[in-house]
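Q:
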Amino acid sequence: MTDTRLPERVFPRASQDAASASQAISTPQTEHPAYKLAFQDMDFLLREDLRPVRFQLELLKPELLLEEAKIASTFVMYGSARIPEPAKAQAMVDLATDDASRAIAERLVAKSRYYDVARELAQIASRVPRDQNGMRQFVVCSGGGPSIMEAANRGATEVGAESIGLNIVLPHEQAPNPYVTPSLSFQFHYFALRKMHFLLRARALAAFPGGFGTFDELFELLTLIQTGKIKPIPVLLFGREFWEKVVNFQALVDEGVVSQRDLGIFTYVESAEEAWDVVRNFYEEQAKKDD
1 MTDTRLPERV FPRASQDAAS ASQAISTPQT EHPAYKLAFQ DMDFLLREDL RPVRFQLELL
61 KPELLLEEAK IASTFVMYGS ARIPEPAKAQ AMVDLATDDA SRAIAERLVA KSRYYDVARE
121 LAQIASRVPR DQNGMRQFVV CSGGGPSIME AANRGATEVG AESIGLNIVL PHEQAPNPYV
181 TPSLSFQFHY FALRKMHFLL RARALAAFPG GFGTFDELFE LLTLIQTGKI KPIPVLLFGR
241 EFWEKVVNFQ ALVDEGVVSQ RDLGIFTYVE SAEEAWDVVR NFYEEQAKKD D
């Protein structure tokens, strides 16, 4: 028995059976949808009853591919899809048709500098070398869309690094920005699963000025840290003037609905260098505590 080679497997692979099934002889039975292999039957997979299975698939697919890509941690970047990059900022003002739209355009243009800040921060994070096990750390991860998200993926690309885009199906037509690494570009049906993947590997997070989507994603993280559901990570809010104008965090403390300590979950920053210093100092302090 010492020279006998045992087979790796005795059952055929699913891909083999799928290929065989596609060559089935045409009969009334084989042509009926009931005869399709369950994993090849899209009508079956899209049934309301199969929602739990679709949840599992949407959790599992990115997880497996990110693991295979040796991505251990990510630097997540949230932000508006409406802030223009500086080179295109003036065009937004020129297209304004009245005073109200012009005022909004000018405020968006004023925030266009964050495009370059996000781009620079992504470059810094993307230069972090692999660890001793060959795993990649602080891989840039965005929502995969335009504006601030594009800047994040673009910054990674500019230093020769791969980056992640977590897109989602929306009623209006959209596509991932051109800087997302194709093999790390994922599309989601469920917002909940997308937000989970944003945070599963996140070891730092930057929130640039944004709207409902940015608020949704940011406040979920703040809640998870506040309630102890996840360990604290550096949470960087870019643009103190913006955040204090649109959210009165101190009022929440004054009203007694959050504690003063909760405001320490996040840090206001303005530049990429300042943000990276916060991240570096956070993990240096963590290392001291672990020693």
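Note that full-length UniProt numbering has the sequence shown beginning at 1, numbered continuously upward. We treat Cβ as the ideally placed atom computed from N, Cα and C, and that holds for glycine. Quick caveat: nothing in here was measured; it's all calculated off a predicted structure.
In angstroms, rounded to a whole number, what distance separates the CA positions of Val-253 and Leu-64?
A: Here residue 253 corresponds to residue number 253 of the sequence shown, with the count starting at 1. Here residue 64 corresponds to residue number 64 of the sequence shown, with the count starting at 1. Their backbone Cα atoms lie some 41 Å apart in a straight line.
Q: Classify Thr-74 as buried or exposed, calling it buried when 16 or more other Cβ atoms lie within 10 Å of its own Cβ.
A: If you number the sequence shown from 1, residue 74 lands on position 74. Flag for Thr-74 reads buried.
Q: In angstroms, rounded to a whole number, what distance separates the CA positions of Asn-248 and Arg-240?
A: The count along the sequence shown starts at 1 and reaches residue 248 at position 248. The count along the sequence shown starts at 1 and reaches residue 240 at position 240. Taking the straight line joining both Cα atoms gives about 11 Å.
Q: Under 8 Å by Cβ, that's how I've got Ala-81 and Gln-137 pegged, so tell me the actual separation to the nearest angstrom.
A: Your numbering for residue 81 matches position 81 in the sequence shown. Your numbering for residue 137 matches position 137 in the sequence shown. With a Cβ gap of about 27 Å, Ala-81 and Gln-137 do not count as contacting.
Q: Considering only residues of the segment 103-167, which uninterrupted beta strand (DSSP E) runs meet the minimum length of 3 residues and lie entirely inside it, listed in chain order?
A: 139-142
Q: State the Cα-Cα distance for the pair Gln-132 and Val-139, rounded to the nearest angstrom.
A: Locating residue 132 in the sequence shown gives position 132, where the first residue counts as 1. Locating residue 139 in the sequence shown gives position 139, where the first residue counts as 1. Taking the straight line from one Cα to the other gives about 16 Å.
Q: What residue from Gln-40, Gln-56 and Arg-127 has the CA that sits closest to Met-196's CA?
A: Translated into the one-based positions of the sequence shown, residue 196 becomes position 196. Among Gln-40, Gln-56 and Arg-127, the Cα nearest to that of Met-196 belongs to Gln-56.
Q: Run the CB neighbour count on Lys-88, radius 10 Å, all protein chains shown included, and call it buried at 16 or more, exposed below.
A: Working through the sequence shown from its first residue, we reach residue 88 at position 88. By the 10 Å Cβ count, Lys-88 comes out exposed.
Q: For Ala-207, which beta-bridge partners are listed by DSSP?
A: As a working note, residue 207 is residue 207 in the sequence shown. Tyr-78 and Leu-237.
Q: When DSSP labels each residue in this structure, what does Ile-71 get in the three-state scheme?
A: By one-based count along the sequence shown, residue 71 stands at place 71. DSSP places Ile-71 in strand when its eight states are reduced to three.
Q: Given Ala-161, which residues of its chain have a CB within under 8 Å of its CB, disregarding the five upstream and five downstream residues?
A: By one-based count along the sequence shown, residue 161 stands at place 161. So the list reads Ser-126, Arg-127, Val-139 and Val-140, once near-sequence residues are dropped.
Q: Since Tyr-283 is in the beta strand (DSSP E), which residue starts that stretch and which ends it?
A: Residue mapping note: residue 283 aligns to position 283 of the sequence shown, counting from 1. Premise fails: Tyr-283 lies in the alpha helix (DSSP H), 272-290, not in any beta strand (DSSP E).
Q: Looking at C-alpha atoms only, which residue of Tyr-179, Leu-170 and Gly-144 is the closest neighbour of Phe-186?
A: On the sequence shown, residue 186 is found 186 positions in, with the first residue counted as 1. Comparing Cα positions, the closest option is Gly-144.
Q: With contact counted as at least three CB pairs below 8 Å, one residue from each stretch, are the segment 39-54 and the segment 101-121 in contact?
A: no
Q: Measure the alpha-carbon distance for Ser-163 versus Thr-27 and round it to whole angstroms.
A: Counting from 1 along the sequence shown, the entry for residue 163 is found at position 163. Counting from 1 along the sequence shown, the entry for residue 27 is found at position 27. Those two C-alpha atoms are separated by around 48 Å.
Q: Tell me the start and end of each unbroken alpha helix (DSSP H) in the segment 178-208 that is at least 4 residues and wholly inside, in chain order.
A: 191-200
Q: In this structure, does DSSP put Val-269 in helix, strand or coil?
A: Position 269 of the sequence shown holds residue 269. Three-state DSSP puts Val-269 in a strand.
Q: Check the C-beta distance from Phe-198 over to Leu-222 and give it rounded, since I have them as a contact under 8 Å.
A: Residue numbering aside, residue 198 sits at position 198 when the sequence shown is read from its first letter. Residue numbering aside, residue 222 sits at position 222 when the sequence shown is read from its first letter. Going by Cβ atoms, the distance from Phe-198 to Leu-222 rounds to 13 Å, so no, they are not a contact pair.
Q: Buried or exposed for Arg-280, please, with buried defined as at least 16 other CB atoms from any protein chain shown within 10 angstroms of its CB.
A: Walking along the sequence shown from the start, residue 280 turns up at place 280. By the 16-neighbour rule on beta-carbons within 10 angstroms, Arg-280 is exposed.
Q: Just the Cα atoms here: how many angstroms apart are Lys-288 and Ala-204?
A: Here the question's residue 288 lines up with position 288 in the sequence shown. Here the question's residue 204 lines up with position 204 in the sequence shown. Looking at the two C-alpha atoms, the distance is approximately 18 Å.
Q: Measure the CB-CB distance between Phe-155 and Ala-122 and report whether it falls below 7 Å.
A: Residue 155 sits at position 155 when you count from the first residue of the sequence shown. Residue 122 sits at position 122 when you count from the first residue of the sequence shown. Position check: residue 155 holds Gly in this sequence, whereas Phe was assumed. A contact, by the Cβ cut-off of 7 Å.
Q: Taking only three categories from DSSP, how would you classify Gln-56?
A: One-based indexing of the sequence shown puts residue 56 at position 56. Here Gln-56 sits in helix by DSSP.
Q: Can you tell me the Cβ-Cβ gap for Ala-206 and Phe-238, rounded? I've got them flagged as a contact below 8 Å.
A: Here residue 206 corresponds to residue number 206 of the sequence shown, with the count starting at 1. Here residue 238 corresponds to residue number 238 of the sequence shown, with the count starting at 1. The Cβ separation is near 6 Å, so the contact holds.
Q: Would a C-beta distance cut-off of 7 Å place Ile-225 and Arg-194 closer than the cut-off?
A: Here residue 225 is taken as the residue at index 225 of the sequence shown, counted from 1. Here residue 194 is taken as the residue at index 194 of the sequence shown, counted from 1. Result no, Cβ atoms of Ile-225 and Arg-194 do not sit closer than 7 Å.
Q: Enumerate in chain order the residues of its own chain whose CB-to-CB distance from Thr-214 is below 7 Å, with the five nearest sequence positions on each side excluded.
A: Sequence index remark: in the sequence shown, residue 214 carries index 214 (1-based). So the list reads Tyr-78, Gly-79, Ser-80 and Ala-207, once near-sequence residues are dropped.
Q: In terms of residues, what are the limits of the alpha helix (DSSP H) holding Asp-17?
A: Sequence index remark: in the sequence shown, residue 17 carries index 17 (1-based). Run containing Asp-17: 14-21, per the alpha helix (DSSP H) assignment.
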